[in-house]
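Heads up: the sequence shown is residues 38 to 573, going by this note's numbering.
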Amino acid sequence: MGFGASLKKLSNSWKKIEMSVNDAISKSKVGKFFKLEARKTCFTREIRAGTATFLTMAYIITVNATIIADSGGTCLMADCTVPANQTAASPDCMLKPNLGFDNCVSKTKSDLVVATILSAMIGSFAMGVLANLPLGLAPGMGPNAYLAYNLVGFHGSGSISYQTALAVVLIEGCAFLAISTLGVRAKIARLMPKPVRLACGAGIGLFIAFVGLQIHQGVGLIGPDPTTLVTISACAKIDPISNTCVGGKMRSPTFWLAMVGFLMTCYGLMKEIKGSMIYGISFITLVSWIRGTSFTIFPKTPVGDTNYNYFKKVVDFHKIESTFGVISFSHFNRPEVWIALVTLLYVDVLATTGTLYTMAEIGGFLDDKGSFEGEYLAYIVDASSTIVGSALGVSPVATYVESSAGIKEGGRTGLTAVVIAFYFFLSLFFTPLLTSVPPWAIGPSLVIVGVMMMKVVKDINWENIKEAVPAFVTMSIMPLTYSIANGIIGGIGVYIALSLYDLMLGFIKWVNKMRKMVIKEQNQVSNGVESMVEII
């Protein structure tokens, strides 16, 4: 018997085993609970679908932790190392390289890795068991950057503390839960003008891509400039205080390594290879783990040595120490807090509504009325997951569009989501590896996420100035002011201003119509009186 015949026989045997396993599980209580036969799917297909979705969204574990860790978390000036020639640390020690503060941020990132995994695991499991839908959940891209850079600010330089920002996320989750329970979600989503609503996704995409291109937070292509505000960077050496270039531009080894990973990811996406972002991040990270190179994440410094010693553990269950249950309502009654609350709520409502309907359409779940089975519970799960996430220390949890990868693989039930949750559970035990992913490995993925979020601009009517201008204002203000809220407010403000003419014209027409009606009524009364006089 030849090798080909043996291989064919083995393949046939495996198919028989697979069919018997699928048949047994489909008729079991588990199969009936997830409605495997009713939705024309099987156990092994659901496993493949869950694997595909996890591979496409697993990047969020390190990306989310890196972004939120940039806020500094609960780290304070008291965590800074005091210089030998000073009696106390200066207030700007949080914004400059400092051993004590950097170690605190590193521990916070480890906490956030675990918090991200737990929130994704709980949300995905609940979506599978309660709503029976093949959707993966995790802290959303966009809201995490908004929390880190707009609310708390880089290393706590913003107007709101990390603890208060989590309180905002908690209230937003509760509000979304109430809206979902009462069924008024769609009505609220329609309040925002359509061009602004469409431009929000693109604006957030530009914002995320801008973060991914910067120094410290991404590939380092863009840096500060005292004259033009920003300029091309990717410098071989950077001033640690001003972040300005003191070496040759476009000579950064980490930047060029990031570009190789970026192109790898792009080629993978072009060929529709599942998990392309993970492969790109993994390549850059593996190369960056090599010590003694110009692009290593473990330089031979005190911080580098500490991080390398933790990295060598490989397998370790990290207990959350600084981000769990730190919600604080102190300084809550401030204008910026309420603006943040409304912004997060609106983004959450719009994003969740759009994502769920898109996934339902791809999976063929929609009925003639535009609804789908499990819709009500899906919104309940999404909102509840945000509440859980706020307690763990992360930004709002959302349904991921990467779930489409699993749906395209044949995922049709909540068993796909349970498989996704299982993979996140396994990730809990590899925290030393996940916390050692460098920012220049994350940056390319942020840029690609921004590219994917730009596709909504095709739905904007650019021929209509009344729609084009508010949309452009929304998209441009978000990255240029480093604020998602500013973009939404600016877009709505311009839309209202451009609508004043139509409103005034409509008001004038209404007044003229009412005036004619009054004159007509007066004439009828006058004619009636004259007739009565003649009769008398």
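Built from N, CA and C at the ideal position, the CB exists for glycine as well.
Residue i vs residue j beta-carbon contact at 7 Å
i	j	result
Phe-509	Leu-429	no
Phe-320	Arg-328	no
Thr-10	Thr-322	Lying outside 38 to 573, the shown extent of the chain, residue 10 is not represented and no answer is given.
Gly-193	Met-131	yes
Tyr-96	Ser-482	yes
Ala-106	Lys-146	yes
Thr-90	Ala-388	no
Val-431	Thr-423	no
Thr-111	Ser-359	yes
Pro-290	Phe-332	yes
Gly-240	Met-512	yes
Asp-139	Val-340	yes
Ala-168	Gly-411	yes
His-302	Gly-317	The sequence shown places Thr at residue 302, rather than the His named in the question. Closer than 7 Å, so yes.
Arg-76	Thr-450	yes
Cys-117	Ala-126	yes
Phe-466	Val-379	no
Leu-170	Ala-415	yes
Asp-179	Leu-188	For the sequence presented, residue 179 should be read as Gly rather than Asp. Cβ distance not < 7 Å, so Gly-179 and Leu-188 don't count as in contact.
Arg-82	Gly-447	yes
Leu-452	Phe-71	yes
Top-ranked residue by Cα proximity to residue i, from the options
i	options	result
Ile-84	Lys-445, Glu-558, Tyr-304 and Ile-556	Lys-445
Ala-420	Ala-204, Gly-160, Lys-144 and Ile-521	Gly-160
Leu-306	Leu-92, Leu-542 and Gly-527	Leu-92
Val-233	Arg-222, Val-384, Asn-169 and Lys-72	Val-384
Ile-154	Lys-64, Thr-472, Lys-72 and Phe-80	Thr-472
Gly-137	Ala-121, Ala-115, Leu-219 and Leu-149	Ala-115
Ser-520	Val-418, Ser-65 and Asn-181	Asn-181
Gly-177	Asn-560, Gly-527, Thr-118 and Gly-242	Gly-242
Ser-143	Thr-103, Trp-326 and Lys-495	Thr-103
Asn-498	Lys-231, Ala-152, Ala-61 and Leu-537	Lys-231
Glu-209	Gly-524, Phe-354 and Ile-376	Ile-376
Ala-215	Lys-553, Met-554 and Ile-417	Ile-417
Leu-172	Lys-503, Lys-349 and Ala-397	Ala-397
Phe-80	Asn-59, Lys-69 and Leu-235	Asn-59
His-355	Arg-552, Thr-88 and Leu-149	Leu-149
Phe-229	Leu-452, Phe-71 and Val-386	Reading off the sequence, residue 229 comes out as Met, not Phe. Checked all of Leu-452, Phe-71 and Val-386; the closest Cα to Met-229 is Val-386.
Met-314	Thr-265, Lys-406, Glu-439 and Thr-264	Glu-439
His-368	Phe-348, Lys-53, Ile-98 and Ser-198	Ser-198
Ser-325	Ile-525, Ser-65 and Leu-294	Leu-294
Paired residues, beta bridge with residue i - DSSP
i	result
Phe-467	Asp-353
Gln-251	Ile-259
Ile-275	Cys-282
Val-267	Pro-261
Pro-176	Val-434
Cut-off 6 Å between Cβ atoms - residues of its own chain near residue i, not counting five sequence neighbours on either side
i	result
Met-283	Sequence inspection shows Val at residue 283; the Met mentioned does not correspond to that position. Excluding residues within five positions, the ones whose Cβ falls inside 6 Å are Lys-274 and Asp-276.
Glu-74	Ser-63
Leu-535	Lys-503
Gly-285	Ala-273
Cβ neighbours of residue i in the same chain (closer than 8 Å, five flanking residues each side left out)
i	result
Phe-162	Ala-454, Val-455 and Ala-458
Ile-364	Gln-200, Leu-203, Ala-204, Leu-207, Ser-427 and Ala-428
Tyr-345	Arg-328 and Phe-335
Ile-259	Phe-247, Leu-250, Gln-251, Ile-252, Val-267, Thr-268, Ile-269 and Ser-270
Cutoff 7 Å; reference residue i; Cβ partners in own chain excluding five residues on either side
i	result
Met-158	Ala-458, Phe-461 and Phe-462
Leu-382	Glu-209, Ala-212 and Phe-213
Lys-164	In the sequence as presented, Lys is not what sits at residue 164; that position holds Met. Only Leu-170, Leu-172, Leu-174, Ala-415, Val-418, Gly-451 and Ala-454 meet the Cβ criterion.
Report yes or no: do the stretch 480-491 and the stretch 237-247 share at least 3 C-beta pairs separated by less than 8 Å? yes
Are at least three pairs of beta-carbons, each pair with one atom in the stretch 462-481 and one in the stretch 292-304, less than 8 Å apart? yes
Pair every Cβ in the stretch 525-537 with every Cβ in the stretch 502-516, then say whether three or more of these pairs are closer than 8 Å. yes
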